[in-house]
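Here is the structure we will look at, set down as structure tokens.
In our numbering, the protein residues as written are 226 to 539.
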């Protein structure tokens, strides 16, 4: 009897130790940001890290910087496979260039999902917003805000990026086609980058003699760079439009330096994408999830500043 009790105790102890070891194991997720130097990408990376740390004790995330370079992103994906990560969550930079290494990761047995930009593959989960609508909500005000015969400059995202293309299409159809009097005096790809946008704006200011009425940008980061160049040239406050609703953009709207932006909430993208990856790791099916894009103007910017303050971004 005593031997049986001792044997049972040993078995129970071993079971508890084994259970504890199992409980200590975590899903390993690689999050690959398109570029940490991009203010929205940095916001999203931080939001994803916090989402995992605060809500998913059975997950851990390692953040990698894609540096706006497809070869760097492919290398990060390959390293995640080699280092036996369980999942990859990617913020694509170039969907077609990023597709093949992600397909290879899935074939190697990893769970794969994209956030902020979709890659169309039924094996991938996708969390995104509608980029056409993100720009279109800005155009409604711009139709009456931008003066007759205005000179405007346009800042574009990376060539081939679906968000960059769809936002530019929205500005064309919802604004420029309706306002043929407006003249585009400069249009360049600035790759979501603040410094590149600032340099282009400096050139446009010099070439036009400062005769620029509005900045139309496909994201907030580029818009902020152009605004900075305009301030340095003492042009006064121009009309300026962006997309993302970053903390910086909200402060610029508050001070009157920026006209409007649409919110692409990194908090909502992080919440939905991390949950999607977690569900897929536990046997759930890949899904496509879309978030909203409310307009931010001087009339409602305070609530979005408070949102950033609650999240610790301000």
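C-beta atoms are modelled at their ideal positions from N, C-alpha and C, and glycine is treated no differently.
For residue 362, the enclosing alpha helix (DSSP H) has its first and last residue at 356-370. Residues of the same chain with a CB within less than 6 Å of the CB of residue 319, apart from the 5 flanking positions on each side, are 295 and 385 in chain order. Fully enclosed alpha helix (DSSP H) runs of no fewer than 4 residues occupy 472-480 and 491-506 of the stretch 450-510, in order along the chain.
At least 8 Å separates the beta-carbon of residue 341 from that of residue 383.
Just measuring C-alpha positions, the residue of 480, 323, 359 and 441 sitting nearest residue 408 is 441. Comparing alpha-carbon positions, the option among 269, 451, 428 and 431 lying closest to residue 422 turns out to be 451. Distance from residue 312 to residue 287 at the Cβ level is roughly 11 Å; contact not present, criterion being Cβ atoms closer than 8 Å. With a threshold of 16 other beta carbon atoms within 10 Å, residue 432 falls short and is exposed.
Secondary structure of residue 339 (DSSP, three-state): strand. The way I'd put it, the stretch 343-350 doesn't touch the stretch 373-380; fewer than three beta-carbon pairs between them come closer than 8 Å. Assignment of residue 536 by DSSP, reduced to helix, strand and coil, places it in the coil class. Rounded to the nearest whole angstrom, the CA to CA distance from residue 495 to residue 269 is 7 Å. In the structure shown, residue 430 falls within a helical segment according to DSSP collapsed to helix, strand and coil.
If you look at residue 287, you'll find it in the beta strand (DSSP E) that goes 284-290.
At the C-beta level, residue 469 and residue 486 come within 8 Å of one another. Under the DSSP definition of a beta bridge, residue 312 partners with 254 and 336.
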